[in-house]
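What follows is a single structure, written as C-alpha cells, with notes after it.
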Amino acid sequence: MEDITVIWQDMLSILEVEVHSLGFDVWIKPLRPVKVEDGILVLCAPSDGAKSEVLARYLPLLKRALREVEGAPSGITIVSEDEIAQKTEEKQKEQSQPSERTTPRSENPLNPQYNFADFVVGKCNRMAYETALAVAENPGTLYNPLFIYGDVGLGKTHIMQAIGNDLRLSRPNMKMLYVSTDTFINEFIASIRTANGINNQSFRDKYRNLDLLMIDDVQFLSKKPSTQEEVFHTFEALKGAGKQMVFASDRRPQDIPDLDSRVRSRFASSMVVDVQPPDLETRIAILQKKAQKAKKNIDFDELAFIAEHVTSNIREMEGVLTKVMFLSKLYERKVDRAICQEALKDYRVQECDEITVDEIVDCTCKYFNAQKADVVGKKKNKEVVVPRQIAIYLINEFMNIPLTTIGEYFGGREHTTVMHARDKISAMVSSDPKTKTAVNDIKAMILRK
C-alpha cells in the first residue's frame, strides 16, 4: 500500500477539481491523514464542528476520490483533533510513569500551512520574522522569551506556529505546546476544582516540563489574577530550565491592563517585536503568493485593486481573495474588475450611512484645532500634516472610495501620496499609543454626529 501522504495528495488533486475553491480551502485542505487502520483511511479534522461539516457535505466526494486512487484503502473515516486528544489523555492516565510522557501531537493544533516559506516578509514584519527564525534555529538561547504583538489579522499566529512547525521537523522529539490563553485559563480552572490537588499538579507538570511553550493572545490574562500567578510560576520554571517561550498579544506588555507587575515585567523583559499593518507592496505580494499557491492566474492590476481596498487585516484580505477565486470559478471566467468589486462590496460594513468626507475632515480639524483650508491645502508644517494624514486614513477606513478621489479632495495630491499617508498612520496606530488614542477619539466624534 502506498504512503498515506501520497494517497492524500492524489485525493486532493482530484477534489480540487470537483469542489468549489472556497469549500476546498475551508473544509478539505485542513484535513490531515492520520493512519490506515483495518483498511480504513483515517482523516483528522481540526475541530468537532469541522468534522460534522465534512461528514455532512463532502463524505461522498471523499469516498469517490479515494476509489480513484490506485493502491488506496477501501474505506474512509473522519475524526477530530478533539477526539484524538481525548483518547490520548485517556491512554496517558493508564500509564504508570507519567514522567516519561511526552506532549501528544494532538495537543499542538498547529496549522501546517503556517510555515516560514509561506510567510511574506516586508518592512512591517521583518524583525518579527527574523527573530522567530532565529528561535526556530536555536531555541532557548538568544531570543528567549520572544513576545510578538500587533493588531488582529497581521500574522502573529502564523509566525508563532511557523516556529513550532519548523521545530517539529528539525527536532521531532522536542516537547512543545501551542495554546491560546483561553485554553490555558480553562485548563487551569479545571485543574483546581478538585480538593486533593492531583489535577492541579498534573496541569503544572504539563506546562512546566516542556521544551517549547507558545501562548497566543496573552492580553486575555487581564483581570485574571490567579491565572496570572500560574503563568508567572510557569514562566520562572521554564526560564530557569533554559526552555523556549513565545507569547503573542494584540498590544505591548506595558499596555495590557490589570496585569500583575511581576508578569508584566517578565513579558517586558522578553525580546519584544511588533507586526505592523503591511504596506501596499507587501499586501500585493501576499495576494500573489496565495493566488500562486491556489494555482490561479490573476492579473497584477486586480490584485493591486484588492490590496488598495483592504488595508489593515491580512486575514480579511485573503478572505476577499478567496471569494474572488470562488466567483471566478462560479461564473467560469477570468478574474476581472467586476468580480473584484463584487467580492469587495460586502467587505466594508458602513458604521454610519450618513458619513461624508467633509464630516471626517471637519471632526479631524476640530480635534487638532486646525484650519480646514490648511489641512486640505498645500501647507506642509507638522501642525497641518498630521491632521491631514489622519483624515486620509479615516476616510479610507470609513469610505470605499478610490485613492485618486481622496487625492483630488486634498488639493490634487497623487494617489501615491495618499497611499503613503494612509499606511504611515496605519503603522503608527499599532506602534504609537498617542496616535491610536487620537484616531479612536476622532472616530467616536464622527460616529456621534
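So the sequence shown is residues 147 to 595, counted in the working numbering.
Note that CB positions come from ideal geometry on N, CA and C, so glycine has one too.
Quick caveat, the model's predicted, so the values are computed rather than measured.
Go through the stretch 303 to 351 residue by residue and report every complete run of the beta strand (DSSP E) that reaches 3 residues or more, in order. Counting whole runs of 3 or more residues, the stretch 303 to 351 contains the beta strand (DSSP E) stretches 322 to 326.
If you draw a straight line from the alpha carbon of residue 405 to that of residue 572, how long is it in whole angstroms? When rounded, the separation of the alpha-carbon atoms in residue 405 and residue 572 is 27 Å.
Cβ pair count under 8 Å reaching 3, the stretch 420 to 433 against the stretch 317 to 329: Taking 8 Å as the limit for Cβ pairs, the verdict is that the stretch 317 to 329 does not touch the stretch 420 to 433.
Between the stretch 408 to 419 and the stretch 268 to 286, do at least 3 Cβ pairs fall closer than 8 Å? Inter-segment contact for the stretch 408 to 419 and the stretch 268 to 286 is present: three or more beta-carbon pairs are separated by less than 8 Å.
Which ranges does the alpha helix (DSSP H) cover as unbroken runs of at least 4 residues, wholly within the stretch 399 to 444, from first to last along the chain? Taking only runs of at least 4 residues, the alpha helix (DSSP H) segments lying wholly in the stretch 399 to 444 are 407 to 414 and 426 to 439.
Do residue 540 and residue 565 have their beta-carbon atoms positioned less than 7 Å apart in this structure? With contacts defined as CB atoms closer than 7 Å, residue 565 and residue 540 fail to qualify as a contacting pair.
Using only alpha-carbon positions, find the residue among 162, 428, 396 and 205 that is nearest to residue 450. When the alpha-carbon of residue 450 is set against those of 162, 428, 396 and 205, the nearest one is in 428.
Beta bridge counterpart(s) of residue 221 as assigned by DSSP: Within the DSSP bridge table, the entry for residue 221 names 186 as partners.
Expected contact under 8 Å - CB spacing of residue 200 and residue 168 to nearest Å: Rounded, the Cβ-Cβ distance is 14 Å, inconsistent with contact.
Out of 346, 339, 222 and 357, which one is the CA nearest neighbour of residue 287? Among 346, 339, 222 and 357, the Cα nearest to that of residue 287 is on 357.
Cβ-Cβ separation, residue 509 to residue 533 (assumed contact under 8 Å), whole Å: 10 Å between Cβ atoms; not a contact.
Starting from the C-beta of residue 186, find all residues in its chain whose C-beta is less than 7 Å away, skip the five residues before and the five after it, and write them out in chain order. Apart from sequence neighbours up to five positions away, the residues of its chain that approach residue 186 with a beta-carbon distance below 7 Å are 219, 221, 222 and 223, ordered along the chain.
Cβ pair count under 8 Å reaching 3, the stretch 427 to 444 against the stretch 396 to 415: No, because fewer than three Cβ pairs between the stretch 427 to 444 and the stretch 396 to 415 fall closer than 8 Å, the two stretches do not touch.
Distance check for residue 520 and residue 530, CA to CA, integer angstroms please. Counting only the Cα atoms, residue 520 lies some 7 Å from residue 530.
Contact between the stretch 453 to 469 and the stretch 308 to 319 is defined here as three or more beta-carbon pairs at a separation below 8 Å; is this criterion met? Contact between the stretch 453 to 469 and the stretch 308 to 319 is absent, because fewer than three Cβ pairs lie under 8 Å.
Sheet register partners of residue 393 (DSSP bridge): DSSP output for residue 393 lists 293 and 361 as bridge partner(s).
To the nearest angstrom, report how far apart residue 267 and residue 156 are at their CA atoms. Between residue 267 and residue 156, the alpha-carbon positions lie close to 31 Å from each other.
Opposite residue 181 in the DSSP bridges: which residues? Beta-bridge analysis with DSSP links residue 181 to 188.
Host alpha helix (DSSP H) of residue 489 (start-end): Per DSSP, residue 489 belongs to the alpha helix (DSSP H) from 483 to 490.
What is the C-beta distance between residue 380 and residue 354, in whole angstroms, given that I count them as a contact (C-beta under 8 Å)? Their Cβ separation, rounded to whole angstroms, is 6 Å, which keeps residue 380 and residue 354 in contact under 8 Å.
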